[in-house]
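As structure tokens, the structure follows; a few thoughts come after it.
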Amino acid sequence: MRAAIRYAQIRTGDIAFAVRTDEHFYGFRPNHVEWSASVLKPMLMAAYLDRRSVAHRALNRRDRSLLYPMITRSDNNAATEVLGIVGAGALYALAHRVGMTQFAVAPIWGESHITARDQTKFFLHIGRYVARRHRRYAMRLLASITPSQRWGIGEVAPKGWKLYFKGGWGSGTGLIDHQVALLVRGCARVSIAVLTMYDGSHAYGKQTLREMFERLLRGLPTGAQRRRD
Numbered sequence: 271m272r273a274a275i276r277y278a279q280i281r282t283g284d285i286a287f288a289v290r291t292d293e294h295f296y297g298f299r300p301n302h303v304e305w306s307a308s309v310l311k312p313m314l315m316a317a318y319l320d321r322r323s324v325a326h327r328a329l330n331r332r333d334r335s336l337l338y339p340m341i342t343r344s345d346n347n348a349a350t351e352v353l354g355i356v357g358a359g360a361l362y363a364l365a366h367r368v369g370m371t372q373f374a375v376a377p378i379w380g381e382s383h384i385t386a387r388d389q390t391k392f393f394l395h396i397g398r399y400v401a402r403r404h405r406r407y408a409m410r411l412l413a414s415i416t417p418s419q420r421w422g423i424g425e426v427a428p429k430g431w432k433l434y435f436k437g438g439w440g441s442g443t444g445l446i447d448h449q450v451a452l453l454v455r456g457c458a459r460v461s462i463a464v465l466t467m468y469d470g471s472h473a474y475g476k477q478t479l480r481e482m483f484e485r486l487l488r489g490l491p492t493g494a495q496r497r498r499d
């Protein structure tokens, strides 16, 4: 945490981050509100899969044609369509279930309000907020981000951990570069959110994310897990 805070303080931009496990929470400006960009999309996915008309049936081609590109390729048109289906009320209901305190939907969905604290709370047990029948599918999407978008934590995630994550960015403008992630190793879980705005360029924002995650994940164990008798 100290190394990450020192790094954040010398970088251009408006940076906030949080780290959460089942037992501990750490943060740097964790309640600072920033625009969501595409970090909203996992919430849209959870709200869609939890709909009464979807939760207890097999997913059809239409469902998959919206959710798969929205998560794996960060398709904005799919996200707009999903929001039109679920409505802002479903997102607020989800935020209430999670226990988010500063979430707000904006008329332009990419400007919705999020905090690092709230996002780590959501991601730590994200499967709980997806209809049981569709949890495996939702997690598979979050583990299948297209290679061209696997920067930041996708470059430095420790070996031996399963990585589920989603990024958000300002269409290459440098206005926004966020990533929220869940790392799982056996029964251990770590959720991390790094939110940045006003980076100056997308390349600079991606470098900030990579270096921030490298510092925050430095102490996690890697390699084979020890067996318990």
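Start counting the sequence shown at 271; every next residue gets the next number (the numbering used here).
From the three backbone atoms N, C-alpha and C, an ideal C-beta is built for every residue, glycine too.
Being a predicted model, the structure only gives us computed values, none of them experimental.
Reduced DSSP secondary structure (H/G/I, E/B, other) of residue i
i	result
W431	coil
T466	strand
R459	strand
R488	coil
A386	helix
I378	coil
R438	Rather than Arg, the amino acid found at residue 438 in this sequence is Gly. Strand, per DSSP.
S418	helix
H472	helix
L479	helix
Extent of the continuous beta strand (DSSP E) run through residue i
i	result
Q449	I446 to R455
I285	D284 to R290
Proximity of residue i and residue j at Cβ, strictly below 8 Å
i	j	result
I446	F435	no
R398	A325	no
A386	A288	yes
A316	V400	yes
S441	S382	no
Y318	I355	yes
Reference residue i; option with closest CA among the options
i	options	result
Y277	F483, P491, G489 and P428	F483
Y474	T390, W421 and P428	W421
K311	S323, Y296, T342 and R290	T342
G369	D388, R299 and V352	D388
S309	M340, Y296, R290 and R322	Before going further, note that residue 309 is Val rather than Ser in the sequence given. Comparing Cα-Cα distances from V309 to each of M340, Y296, R290 and R322, the minimum goes to M340.
K432	K391, T416, P417 and A451	A451
T390	H366, Y296, Y338 and D345	Y296
W379	R405, I462 and A349	A349
L465	V454, L453, L479 and C457	L479
Delimiting residues of the alpha helix (DSSP H) encompassing residue i
i	result
A408	R405 to L412
I423	I423 to V426
Y277	R272 to I280
beta-carbon residue i near the ligand ADP non-hydrogen atom, thresh 7 Å
i	result
F287	No copy of the ligand ADP occurs in the structure displayed, which carries no ligand at all.
Checklist entry - What are the complete alpha helix (DSSP H) segments, minimum 4 residues, inside the stretch 292-372? => result 311-319, 322-325, 331-342 and 346-368
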